Amino acid sequence: MRAGNASGKVLITGGAGFIGSTIASAFAERGIVPVVLDSLVTGRTEFTQGKIFYQGDISDGDLLDEIFAAHPDIGIAVHCAALIVVPDSVSDPQRYYDVNLTGTLNLAGHLIRNGCERMVFASTAGMYRPGPDLSVSEGSSLDPQNPYTRSKMMAELLLEDLCSAYGLRVVSLRYLNPIGADPRMRTGLQSSRPTHALGKMIESYGLGVPFRITGTDWDTRDGTAVRDYIHVWDIARAFCAAAARFDSIVAPAGPDGRGSGYQVINLGTGGGTTVRELVEAFRGVVGDGFQVEEAPARPGDVVGAYVNPAKALELLGWKPEYSIEDAIRHSLEWAARRSRMDAA
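If you're matching positions, the sequence shown starts at 3 in the numbering used here and goes up one per residue.
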């Protein structure tokens with residue numbers, strides 16, 4: 003088994019994407035060298051600048067063998083490589099199961115073969131069934147509603163089986179709605195047209211047209227849907243904390259039954275944000291001139307959920323540090339920066 007990761011290197015799959023690249027920067031700031039593996043299907047080459055980078059697929063065993071031969075001091079893998087767009091998963095489920103499920107199975111086998119038996123897995127709290135108050139916790143029932151969340155749940159089930167049989171250990175971090183950007187503006191959302199509510203607000207603001215609140219009669223505190231927005235840098239901090247505390251929070255599976263080799267930890271704000279609250283926070287950043295209009299809920303819209311992060315505080319010493327307003331400011335700054343990058 004490879005040594006722990008208090009220092010040395012960390013392999014980050016999907017490390018040229020929005021979340022993976024931010025995690026890579028957070029590790030680098032802590033003196034741990036990120037080794038990035040990304041196919042660049044959705045990642046951006048510029049997000050790998052200044053980092054050790056391999057372009058390729060997580061199912062490529064020869065490439066993984068090459069990476070570990072060149073970097074024997076990799077002590078842990080952070081697995082962020084995935085397809086994540088829910089409507090796309092509905093229209094092309096085979097591709098989502100191939101990448102998110104089969105790819106994870108293949109990657110895990112390559113890690114085990116190369117003696118890297120620690121993984122932090124980027125997962126989703128979208129697989130839970132929310133309680134009456136719309137909260138979810140690690141004990142909530144699993145009820146994934148689309149191929150994306152089902153592929154993540156199934157990937158976790160297979161990882162747990164591998165932990166029981168082969169000595170792999172995994173910490174799965176589940177969260178909902180990452181927003182914001184690297185506060186130092188090194189990386190951010192790849193897409194110039196994000197589909198989440200904040201992305202639509204930024205688009206409406208830039209075009210000078212009203213933002214549409216779709217659905218105003220949900221059973222929530224103000225009638226609009228709830229989302230658990232979390233700043234991407236806070237997510238990155240959690241991954242670093244999970245790596246730093248890995249050996250203390252997940253025990254190997256063994257015949258004594260004291261460990262399973264698998265640990266699930268949710269990340270969230272503990273309360274969520276309604277669409278109206280997000281609008282008011284956005285106005286607080288850009289001014290009262292930002293206009294909205296109301297419309298009925300669209301087919302497929304859901305009331306939403308928020309995450310109880312108590313376990314993350316207990317095991318990782320983690321809680322969110324950035325506010326919604328911080329995330330809005332960083333998102334606006336990144337959107338302007340990305341526009342300049344795309345125009346160059």
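Virtual Cβ for every residue (Gly too), placed ideally from N, Cα, C. Model, not experiment: these values are computed from the prediction.
Asked, Found
"Checking the sheet assignment: what are the DSSP bridge partners for T216?", "A297"
"Which residues does DSSP pair with A79 in a beta bridge?", "L13, M121"
"Under 8 Å, with one C-beta from each stretch per pair, do the stretch 285 to 302 and the stretch 215 to 222 reach the 3-pair mark?", "yes"
"Can we say the stretch 134 to 154 touches the stretch 231 to 248, given the rule of at least three CB pairs closer than 8 Å?", "no"
"Quick one: measure Cβ to Cβ for L351 and S137, integer angstroms, because I've assumed they're closer than 8 Å.", "The structure shown does not extend to residue 351, since the chain spans only 3 to 346, so no value can be given for it."
"Of the choices I78, S194, R97, whose alpha-carbon is the least far from that of F20?", "S194"
"Tell me the DSSP bridge mates of H233?", "I181"
"Run the CB neighbour count on T24, radius 10 Å, all protein chains shown included, and call it buried at 16 or more, exposed below.", "buried"
"Between which residues of its own chain and F123 is the CB-CB distance below 6 Å, once the five residues before and five after are set aside?", "H81, V172, S174"
"Reducing DSSP to helix, strand and coil, say where F29 ends up.", "helix"
"How would you write the range of the alpha helix (DSSP H) that V92 sits in, first residue to last?", "88 to 93"
"Are A329 and I181 closer than 9 Å when you measure CB to CB?", "yes"
"With DSSP as the reference, identify every bridge partner of R331, one or two as the case may be.", "DSSP lists no partner for R331."
"Can you list, in chain order, the residues of its chain with a C-beta nearer than 6 Å to that of V35? Leave out the 5 residues immediately preceding and following it.", "K11"
"Should A167 be labelled buried (16 or more other beta-carbon atoms within 10 Å of its own) or exposed?", "exposed"
"Applying the 10 Å Cβ sphere with the 16-neighbour rule, what's the burial state of S341?", "exposed"
"According to DSSP, is Y130 part of a helix, a strand, or is it coil?", "strand"
"Is it the case that the CB of Y308 approaches a heavy atom of the ligand MN more closely than 8 Å?", "Only the bare structure without any ligand can be found here, which leaves the ligand MN out of the picture."
"K22: buried (16+ other C-beta within 10 angstroms of its C-beta) or exposed?", "In the sequence as presented, Lys is not what sits at residue 22; that position holds Gly. Buried is the call here."
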